[in-house]
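Novice: One structure, as C-alpha cells, below. Some questions next.
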Amino acid sequence: MLQNNKAVRDEKVIDFTLANSNNLLLIFTRNPELGKGKRRLAATVGDQAAFDIYKFLLDHTVAITKNLYAEKEVYYSEEIWENDVWDNQKFGKKLQVGEDLGIRMANAFQEGFKNEYQKIIIIGSDMLDLSQEDLEEAFKSLEKNDFVVGPAEDGGYYLLGMKKFLPALFKNKTWGTGTVLKDTLSDLKNETTTLLETRNDVDYYEDIKDTDAFAPFLKHIKL
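Sequential numbering of the sequence shown, starting at 4, is according to my numbering.
This is the structure in C-alpha cells:
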C-alpha cells in the first residue's frame, strides 16, 4: 500500500508540474470529408476506407490529448466545426492561416508565444503510434532543452516543440517529403534539442497493413 501511495504522490507531482508550466498543444487537423485527405492511402484502400481510417485516427488523437495538462488548440484546415469530435469545453478551435504548411505552423506558434505560453508543441491528428504519456514526456523534455522533435520514419516529423520561436524551422522546406527532418535538424544544430523515438505515421497502405487496429478497415483489400 505504501508503494501505491508513493505512486499516487509521484503522479500528482507530475500533474502539478504539467498543469503549472504554461503549456500549449497545437493540433493541426484536416476537416474529415469523404474523398478529401489521405489521398496516398486512398489510392490503395479507396475513398471510404481512407475516410473511416482518418476518423478513427481523429478519435485516437482526441483520446490521447483531452486529459493532457496543457491548453489545447485545434487548428482546422478548411473551416471551424463547432459540433464534432473535439469537445468545445476542452479544445480551443482556430483556423490555419498561410500559403503552405510552414507558414501555417509558424503563425500558430507565434500566436501561442504572443499569448504568453512558455512551451508549445505541435502534432498532427493522424498518429496511432502516439500516447498521452509521449506528449507529457515531450513537454517535460522542454524543461532542460529549448526544442523537441519527434522523427517520423518517412523522413518528416510527427511532433515539434519549442520554448522560443525560431523562424528558420518553417522556411526552405519541401513539406511532405523525406527531407523535412534532415533540414529541420540542420536548423537546430546550434540549439539544445531533445530527439524522441522515431515513430510511424499513416500516409500509405504499407504504413498500416500489418497493424491489427486497422484490420477492420482493410477487409476489402486483396493484394
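Where a beta carbon is used, it is the ideal one built from N, C-alpha and C, also for glycine.
1. With a Cβ-Cβ cutoff of 8 Å, do Leu28 and Ala73 count as a contact?
2. Could you tell me whether the Cβ atoms of Lys96 and Ile83 are closer together than 8 Å?
3. Alpha carbons only, please: which of Asp186, Leu104, Asp90 is nearest the one belonging to Asn70?
4. Taking the beta strand (DSSP E) that Lys122 belongs to, which residues open and close that run?
5. Would you call the segment 177-193 and the segment 109-126 touching, i.e. three or more CB-CB distances under 8 Å?
6. Which residue comes first and which comes last in the beta strand (DSSP E) that contains Lys3?
7. Closest to Val151 by C-alpha separation, out of Met165, Leu98, Leu138, would be which residue?
8. Comparing alpha-carbon positions, which option in Ser128, Lys143, Tyr120 lies nearest Ile67?
9. Using CA coordinates, which residue listed in Phe54, Phe31, Val48 is at the minimum distance from Gly40?
10. Relative to the C-alpha of Lys147, which candidate in Gln121, Glu85, Gly159 has its C-alpha closest?
11. What residue range is occupied by the uninterrupted alpha helix (DSSP H) comprising Phe112?
12. So is Leu104 in contact with chain B if we call contact Cβ pairs under 8 Å?
13. In this structure, how does DSSP classify Pro35 when only helix, strand and coil are distinguished?
14. Evaluate Ile126 with the Cβ neighbour count: other Cβ atoms within 10 Å of its Cβ, from every protein chain shown; 16 or more gives buried, anything less gives exposed.
15. Going by Cα to Cα distance, which pick from Ala52, Tyr79, Asn86, Arg42 is closest to His223?
16. The alpha helix (DSSP H) spanning Phe168 covers which residue range?
17. Please determine, among Ala46, Asn26, Lys192, the residue with the shortest C-alpha to C-alpha distance to Tyr207.
18. Just the C-alpha distance for Thr196 and Gly153, rounded to the nearest angstrom, thanks.
19. Can you name the residues that DSSP bridges to Gly95?
20. Of the residues Glu36, Glu139, Thr64, Val77, which one's Cα is nearest the Cα of Ile30?
21. Could you tell me if Asn26 is buried or exposed, where buried requires 16 or more neighbouring beta carbons within 10 angstroms of its beta carbon?
22. Mapping DSSP to helix, strand and coil, what is Ile56?
Specialist: From the atom records:
1. Yes, the pair counts as a contact, with Cβ atoms nearer than the cut-off.
2. In contact: Lys96 and Ile83 (Cβ atoms closer than 8 Å).
3. Asp90
4. 122-126
5. No, the segment 177-193 does not touch the segment 109-126.
6. Because the chain is modelled from 4 through 226, residue 3 falls outside the range shown and cannot be assessed.
7. Met165
8. Comparing Cα positions, the closest option is Ser128.
9. The option with the nearest alpha carbon to Gly40 is Phe54.
10. Gln121
11. DSSP places Phe112 inside the alpha helix (DSSP H), whose first and last residues are 104-117.
12. Structure shown: chain B not included; a single protein chain is present.
13. coil
14. buried
15. Ala52
16. Note, Phe168: premise wrong, no alpha helix (DSSP H); not H, not E.
17. Ala46
18. If you draw a straight line from the Cα of Thr196 to the Cα of Gly153, it is about 11 Å long.
19. Answer is Glu76.
20. Here the closest residue by C-alpha is Val77.
21. buried
22. Three-state DSSP puts Ile56 in a helix.
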